[in-house]
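Protein chains in written order, with our numbering: chain A, 1 to 161; chain B, 1 to 180.
We put the beta carbon where it would ideally sit given N, CA and C, even for glycine.
To start, the structure itself, in structure tokens.
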């Protein structure tokens, strides 16, 4: 590791900065990046113990295990079983579209509910009306902020003898 | 022999192809499992489990990937599972001992795997990902991309694991705490 990087690493004890520093440095530095580091004395400490090198083959046990599972020959991969590469993206896109549609539907439903005369809005219903003792027709007009009602005497009522 | 040829042989059910793959990677897989688990029996169990799982799933192996990193990734997950089981076993036993009446002698609880004598003290100080990354780098000569493939992380993260592991080990080494 280059000494400047080591110095910066020690100066700023903030983990995200340190991680970024190492990442940037390793990706760009030809000395530290792809080339393996020179052997150091501590490397012996992490070498596997001798029993690993001396241990016999694990194959007989593995073979027994495979036979117990009743499957010694894995089936070759057939072209029909291979997943199409775009399938995951298509599923993800369809899921996203579905969610978006659901959100739009919910929003639209709420908008309609807020309109006057909507499911939860106040409604004006005129059951009967009279003008100067005569029956009258009513005409109702509602906006978001106000309701207008006109009354007009029924013409047929006045013509009666 | 080339891995692709051996895998083709395995798919045809040739025993010698299976055996050749086991013999080719056995030491490396055991080495990684040992560095993570810390004792011989667990490392052997994990290695056997990894080979078994790999051979059982050979039909789903993507030939465009490296067999080596695929096998190591399976072994890494197996080792993590074993570690988790060991942890929950220890927790359960500790709770059981705590709830026992005072005059009952506590059952003998095996030492945690990381406390056993055969485990190198240096590795105990590292986190699981750091241990594995360092072991793969030093013992197997893996590149950062290969380590990332095994651990299932970004290449830059693999570099960070290796760097942090080396930094910790150097510090321990300088302090003279490494009894090796």
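Nearest-angstrom Cα separation, counted from residue j out to residue i
| i | j | result |
| --- | --- | --- |
| residue 43(B) | residue 151(B) | 18 angstroms |
| residue 145(B) | residue 31(B) | 20 angstroms |
| residue 69(B) | residue 20(B) | 17 angstroms |
| residue 12(B) | residue 90(A) | 35 angstroms |
| residue 9(B) | residue 36(B) | 31 angstroms |
| residue 57(A) | residue 66(B) | 23 angstroms |
| residue 64(A) | residue 29(B) | 19 angstroms |
| residue 86(B) | residue 93(B) | 11 angstroms |
| residue 3(B) | residue 63(B) | 10 angstroms |
| residue 128(B) | residue 81(B) | 12 angstroms |
| residue 73(B) | residue 14(A) | 31 angstroms |
| residue 109(B) | residue 90(B) | Because the pLDDT at residue 109(B) is just 48, under 50, the model does not fix this residue reliably, and the value given afterwards should be weighed accordingly. Roughly 8 angstroms between the two C-alpha positions. |
| residue 25(B) | residue 3(A) | 37 angstroms |
Beta carbon proximity, residue i to chain A, threshold 7 angstroms
| i | result |
| --- | --- |
| residue 19(B) | yes |
| residue 150(B) | no |
| residue 37(B) | no |
| residue 80(B) | no |
| residue 64(B) | no |
| residue 122(B) | yes |
| residue 138(B) | yes |
| residue 30(B) | yes |
| residue 114(B) | Bear in mind that a pLDDT of 46 at residue 114(B), under 50, signals an unreliable position, so the number given afterwards is only what the model happens to contain. So, not an interface residue. |
Nearest-angstrom beta carbon gap, residue j and residue i [assumed within contact, 8 angstroms]
| i | j | result |
| --- | --- | --- |
| residue 148(B) | residue 155(B) | 4 angstroms |
| residue 134(B) | residue 158(B) | Residue 134(B) to residue 158(B), Cβ: 11 angstroms. No contact. |
| residue 140(A) | residue 126(A) | 7 angstroms |
Where residue i falls: helix, strand or coil (DSSP)
| i | result |
| --- | --- |
| residue 135(A) | strand |
| residue 9(B) | helix |
| residue 34(B) | helix |
| residue 16(A) | helix |
| residue 42(A) | coil |
| residue 127(A) | coil |
| residue 152(A) | strand |
| residue 58(A) | coil |
C-beta neighbour in chain B for residue i, strict 7 angstroms
| i | result |
| --- | --- |
| residue 6(A) | no |
| residue 95(A) | no |
| residue 101(A) | no |
| residue 60(A) | no |
| residue 86(A) | no |
| residue 43(A) | yes |
| residue 10(A) | no |
| residue 48(A) | yes |
| residue 79(A) | Residue placement at residue 79(A) is flagged as unreliable, the pLDDT there being 46, under the threshold of 50; the coordinate-derived value follows with that caveat. Cβ-Cβ to chain B under 7 angstroms: no for residue 79(A). |
| residue 3(A) | no |
| task | Report the residues of the stretch 39-57 of chain B with a CB closer than 9 angstroms to any CB of chain A, ordered along the chain. | result | 40, 43, 44, 47, 48, 49, 51, 52, 55, 56 and 57
| task | Anything in the stretch 155-168 of chain B with a Cβ closer than 7 angstroms to a Cβ of chain A? List those residues in chain order, please. | result | 156, 159, 160 and 163
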